[in-house]
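Student: Residue numbers (my numbering), protein chains in the order written: chain A, 9 to 298; chain B, 661 to 897.
Provided herewith is a single structure, encoded as structure tokens, for subsequent inquiry.
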């Protein structure tokens, strides 16, 4: 029993990370109906920036804040300079651009920071109040960080005028233009938010899995599974999906299929969700009258 | 003094299909001008062309400033509010959020809150439903919300696309009465597209009759009401 409970909690800890990545995917999906395949590599690159700053002697939270800010700006710029050219392009064109971005960021990480595996610090001291019977201090800390991100996003979208404008632009771009909203810029802010959330996820997972240019490759797959399972247009669904995927993957890995096949769980979930319930658990079913 | 809105040689096309073939009209500040015509005459496209939601040629001058070639959101920022066909409200957002969005480009926050209250005084039913999703309102309430949302911009010019569409006669009368009040009290100029010629000519001072993308007839409402052909074709008596 002890072991089982431990597996559940370890799964929840992983699930937080998957949920954050899913949240980043949902940010862009809501506004553009595209899934950004480069989200993982962008997050890895952000984490390298944080690593470099810490190496330079920056205090952890200073490096954290700077990385989030730089990632937001970079995400915004990528949309403004690159993706904007493809706003009216077919889906496959966008997919190609995303894969291009994935390769570029992967190569950049390797080129600038080399391929050796690096350890990344955790801001949460091992023996602190955060440490409980079931969670290590880092797991508990990551959980709180994700909760804070979610809360901040909720407040932003619910109570600020920019958040309201972003929702309006996603719901109905034409009507949004009629109240003077610059829809294209709203997409850019969505990209910035996604990049910033990805950066947080990267910095939270790096102390656990260690930092190298391919750090997020597997995690992105779990993130996709989480986003789809939770309903790809629902931020809360994405986080819930992340927690479910984390627990499921850990329990199946420990008791049923063995750790070797863990990643398969994500793939099965992706295919299963898309075929059996495309809207996910908490997604909105879109019904079109023909 | 130039007209508030001066349109000249206006053309518009959806893809290869040209819908407007060089129309010209003017609207003086404080006035209501009606655009009449049958289905497919180009009435809706005329409104869409004014706020640059369709590819346009020719000239559209608002307060002397050329609008052709600018983005819709910039036309809106000059003070042109559009109540499009389909109303342009956000069904998934609450009534109050829709009103807040209407004032998105305004920077005078306290006045915005005042204006929301003014809309509620004008349309008390919206106040009762302020936290309800706009999509759940009745047709008449949605039209009232659409007009209020547009007025939240404090526009100089209001473009109205068939505000009577699909509504019960009693609601239509109520809405037209309020439009007349808004015009006389707040001095908002209006360009009104209507199928219901009788209603439109009752509200507007000037009217233009469109036929397949061209102005077929223009004049004061009284003149158009007296015109034999207009009466037979569009008023039906």
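Don't be surprised by glycine CBs; every beta carbon is placed ideally from N, CA and C.
1) Quick one: what's residue 726 of chain B bridged to in DSSP?
2) Going by DSSP, name the residue or residues bridged to residue 741 of chain B.
3) Give the secondary structure of residue 224 of chain A by DSSP, where H, G and I count as helix, E and B as strand, and everything else as coil.
4) Looking at residue 672 of chain B and residue 686 of chain B, is the spacing between their C-beta atoms short of 8 Å?
5) Let's test the definition: count the other Cβ atoms within 10 Å of the Cβ of residue 169 of chain A and tell me whether it reaches 16, buried, or not, exposed.
6) Measuring only the C-alpha atoms, how far is residue 204 of chain A from residue 73 of chain A?
7) Using a C-beta to C-beta distance shorter than 9 Å, which residues of chain A count as neighbours of residue 764 of chain B?
8) Could you check what DSSP says for residue 850 of chain B in three-state terms: helix, strand or coil?
9) Mind checking whether residue 250 of chain A and residue 19 of chain A have CB atoms under 8 Å apart?
10) Looking only at C-alpha atoms, which of A:42, A:163 and A:264 sits nearest to residue 101 of chain A?
11) Per DSSP, residue 668 of chain B forms a beta bridge with which residues?
12) Scan the stretch 725-809 of chain B and note each continuous alpha helix (DSSP H) run of 4 residues or more that stays entirely inside, going in chain order.
13) Apart from the five residues just before and just after residue 701 of chain B, which ones in its own chain have a Cβ nearer than 8 Å to its Cβ?
14) Would you mind working out which of A:283, A:32 and A:104 sits nearest residue 235 of chain A, comparing C-alpha positions?
15) Do the stretch 212-231 of chain A and the stretch 9-19 of chain A meet, that is, are 3 or more Cβ pairs less than 8 Å apart?
16) Pop quiz: residue 46 of chain A and residue 120 of chain A are said to be a contact at Cβ under 8 Å. What is the actual Cβ separation, rounded to whole angstroms?
17) If you draw a straight line from the alpha carbon of residue 794 of chain B to that of residue 61 of chain A, how long is it in whole angstroms?
18) Does any CB atom of chain B fall closer than 8 Å to the CB of residue 195 of chain A?
19) Do the CB positions of residue 25 of chain A and residue 150 of chain A come within less than 8 Å of each other?
20) For residue 693 of chain B and residue 713 of chain B, which I take to be in contact (beta-carbon distance under 8 Å), what is that distance rounded to the nearest angstrom?
21) Could you tell me the alpha carbon to alpha carbon distance between residue 127 of chain A and residue 118 of chain A, rounded to whole angstroms?
22) Quick check on residue 123 of chain A: does DSSP put it in helix, strand or coil?
23) How long is the line joining the alpha carbons of residue 152 of chain A and residue 158 of chain A, rounded to whole angstroms?
24) Pull up the distance between the alpha-carbon of residue 710 of chain B and that of residue 887 of chain B, whole angstroms please.
25) As an exercise, report each continuous alpha helix (DSSP H) stretch of at least 4 residues that is fully enclosed by the stretch 675-715 of chain B, in chain order.
26) Tell me whether the beta-carbon of residue 239 of chain A lies closer than 8 Å to the beta-carbon of residue 290 of chain A.
27) Using a Cβ-Cβ cut-off of less than 7 Å, give me the residues of the stretch 825-859 of chain B that come near chain A, in sequence order.
28) If you draw a straight line from the alpha carbon of residue 820 of chain B to that of residue 84 of chain A, how long is it in whole angstroms?
29) CA-CA distance, residue 769 of chain B and residue 890 of chain B?
30) Can you give me the start and stop residues for the beta strand (DSSP E) that residue 870 of chain B sits inside?
31) Grouping DSSP H, G and I as helix and E and B as strand, with all else coil, what is residue 875 of chain B?
32) In the DSSP output, what is residue 219 of chain A paired with across the bridge?
33) Which residues share a DSSP beta bridge with residue 880 of chain B?
34) Can you find a C-beta in chain B that's less than 8 Å from the C-beta of residue 242 of chain A?
35) Taking only beta-carbon atoms, is residue 161 of chain A less than 8 Å away from chain E?
36) Would you call the CB atoms of residue 96 of chain A and residue 196 of chain A closer than 8 Å?
Tutor: Inspection of the coordinates gives the following:
1) For the purposes of this step, residue 726 of chain B is identified with residue 66 of the second chain, where counting begins at 1. B:721, per the DSSP bridge assignment.
2) The residue labelled residue 741 of chain B in the question sits at position 81 within the second chain. Beta-bridge pairing links residue 741 of chain B to B:818.
3) Locating residue 224 of chain A in the first chain gives position 216, counting from the first residue. Reduced to three states, the DSSP call for residue 224 of chain A is helix.
4) Within the second chain, the letter at position 26 stands for residue 686 of chain B. Within the second chain, the letter at position 12 stands for residue 672 of chain B. No. Outside cutoff.
5) Taking the first chain and counting its residues from 1, one reaches residue 169 of chain A at position 161. Burial call: exposed.
6) What you label residue 204 of chain A is simply residue 196 of the first chain in a count that begins at 1. What you label residue 73 of chain A is simply residue 65 of the first chain in a count that begins at 1. If I take the Cα positions, the gap works out to 10 Å.
7) Looking up residue 764 of chain B in the second chain gives position 104. Going along chain A in sequence order, the residues near residue 764 of chain B (Cβ under 9 Å) are 169, 172, 173, 176, 184, 187, 188 and 189.
8) Taking the first residue of the second chain as 1, we reach residue 850 of chain B at position 190. If DSSP states are grouped into helix, strand and coil, residue 850 of chain B belongs with the strands.
9) Against the first chain, residue 250 of chain A aligns to sequence position 242. Against the first chain, residue 19 of chain A aligns to sequence position 11. For residue 250 of chain A and residue 19 of chain A, no; Cβs fall outside 8 Å.
10) As a position in the first chain, residue 101 of chain A is number 93, starting the count at 1. When each option's Cα is compared against that of residue 101 of chain A, the closest is A:42.
11) Position 8 of the second chain, counted from the first residue, corresponds to residue 668 of chain B. Paired residue(s): B:719.
12) 732-737, 755-762, 769-782 and 784-788
13) Sequence index remark: in the second chain, residue 701 of chain B carries index 41 (1-based). Result list for residue 701 of chain B: 870, 871, 872 and 873, in chain order.
14) On the first chain, residue 235 of chain A is found 227 positions in, with the first residue counted as 1. Measuring from the Cα of residue 235 of chain A, the nearest candidate turns out to be A:32.
15) no
16) One-based indexing of the first chain puts residue 46 of chain A at position 38. One-based indexing of the first chain puts residue 120 of chain A at position 112. Actually they are not in contact, since the Cβ atoms of residue 46 of chain A and residue 120 of chain A sit about 17 Å apart, beyond 8 Å.
17) For the purposes of this step, residue 794 of chain B is identified with residue 134 of the second chain, where counting begins at 1. For the purposes of this step, residue 61 of chain A is identified with residue 53 of the first chain, where counting begins at 1. So the alpha carbons of these two residues sit roughly 48 Å apart.
18) Against the first chain, residue 195 of chain A aligns to sequence position 187. It does not: the Cβ of residue 195 of chain A has no partner Cβ on chain B nearer than 8 Å.
19) Counting from one through the first chain, the residue named residue 25 of chain A turns up at place 17. Counting from one through the first chain, the residue named residue 150 of chain A turns up at place 142. Yes.
20) Within the second chain, the letter at position 33 stands for residue 693 of chain B. Within the second chain, the letter at position 53 stands for residue 713 of chain B. Rounded, the Cβ-Cβ distance is 19 Å, inconsistent with contact.
21) In the first chain, the residue the question calls residue 127 of chain A occupies position 119. In the first chain, the residue the question calls residue 118 of chain A occupies position 110. Distance between the alpha carbons of residue 127 of chain A and residue 118 of chain A is about 15 Å.
22) Translated into the one-based positions of the first chain, residue 123 of chain A becomes position 115. Coil at residue 123 of chain A, not helix or strand.
23) The residue given as residue 152 of chain A occupies position 144 in the first chain. The residue given as residue 158 of chain A occupies position 150 in the first chain. So the two alpha carbons sit approximately 10 Å from each other.
24) By one-based count along the second chain, residue 710 of chain B stands at place 50. By one-based count along the second chain, residue 887 of chain B stands at place 227. Roughly 28 Å between the two C-alpha positions.
25) 703-710
26) Sequence index remark: in the first chain, residue 239 of chain A carries index 231 (1-based). Sequence index remark: in the first chain, residue 290 of chain A carries index 282 (1-based). Yes, the Cβ-Cβ distance between residue 239 of chain A and residue 290 of chain A is below 8 Å.
27) none
28) Translated into the one-based positions of the second chain, residue 820 of chain B becomes position 160. Translated into the one-based positions of the first chain, residue 84 of chain A becomes position 76. The alpha-carbon atoms of residue 820 of chain B and residue 84 of chain A are separated by roughly 36 Å.
29) As a first step, residue 769 of chain B must be located in the second chain, where it is residue number 109. As a first step, residue 890 of chain B must be located in the second chain, where it is residue number 230. If I take the Cα positions, the gap works out to 47 Å.
30) For the purposes of this step, residue 870 of chain B is taken as residue 210 along the second chain, with counting starting at 1. Note, residue 870 of chain B: beta strand (DSSP E), 866-871.
31) Residue mapping note: residue 875 of chain B aligns to position 215 of the second chain, counting from 1. Residue 875 of chain B: strand per DSSP, three-state reduction.
32) Along the first chain, read from residue 1 onward, the residue named residue 219 of chain A stands at position 211. BP columns for residue 219 of chain A point to A:126.
33) Indexing the second chain from 1 puts residue 880 of chain B at position 220. Answer by DSSP bridge pairing, in chain order: B:866.
34) Position 234 of the first chain holds residue 242 of chain A. Closer than 8 Å: no.
35) Among the chains of the structure shown, chain E does not appear; the protein chains present are A and B.
36) As a position in the first chain, residue 96 of chain A is number 88, starting the count at 1. As a position in the first chain, residue 196 of chain A is number 188, starting the count at 1. No, the pair does not count as a contact, with Cβ atoms beyond the cut-off.
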